Amino acid sequence: MSDNPVHSESKIKMFGQDLSIRGVIVVILTTTMCAMQLWGKKVEEPLYTLVVAACSWYFGQKGQQK
9 MSDNPVHSES
19 KIKMFGQDLS
29 IRGVIVVILT
39 TTMCAMQLWG
49 KKVEEPLYTL
59 VVAACSWYFG
69 QKGQQK
């Protein structure tokens with residue numbers, strides 16, 4: 009038994025492609041924040057923190073899966 013078990017990434021089938029659920033969440037959060045900026049809505053600090061945390065989590069996990 010290994011100390012670092014291999015985790016399979018959760019995927020969903022969308023548009024005929026297997027997509028990462030984590031990736032979809034990051035894209036939705038980032039797109040929401042950018043759209044709010046473009047439409048002139050006030051983006052509060054907690055949303056920035058959430059988007060940065062989600063991006064860091066996603067890309068950090070990608071780096072560990074080599």
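Quick note on numbering: this note's numbering labels position 58 of the sequence shown as 66, and the sequence is numbered without any gaps. The C-beta atom is built at its ideal place from N, Cα and C for all residues, glycine as well. This one's a predicted model, so the numbers in the text were calculated from it and none came from an experiment.
Contact defined as beta carbons within less than 8 Å: I believe residue i pairs with residue j. What is the distance between those atoms, to the nearest angstrom?
i: residue 28; j: residue 19; result: 6 Å
i: residue 46; j: residue 62; result: Contact doesn't hold; Cβ gap of about 20 Å is too wide.
Who are the Cβ neighbours of residue i in its own chain at under 6 Å, not counting the five residues just before and after it?
i: residue 4; result: The chain is shown only over 9 to 74; residue 4 falls outside these bounds and no answer can be derived.
Near residue i, which residues of its chain fall below 7 Å by C-beta distance, leaving aside the five closest residues on each side in sequence?
i: residue 26; result: 19
Looking only at its own chain, which residues have a Cβ that is under 8 Å from the Cβ of residue i, when we skip the five neighbours before and after it?
i: residue 51; result: 41, 44, 45
Exercise. Which runs of the beta strand (DSSP E), 3 residues or longer, sit entirely within the region 13 to 58?
Worked result: 19 to 22, 25 to 28
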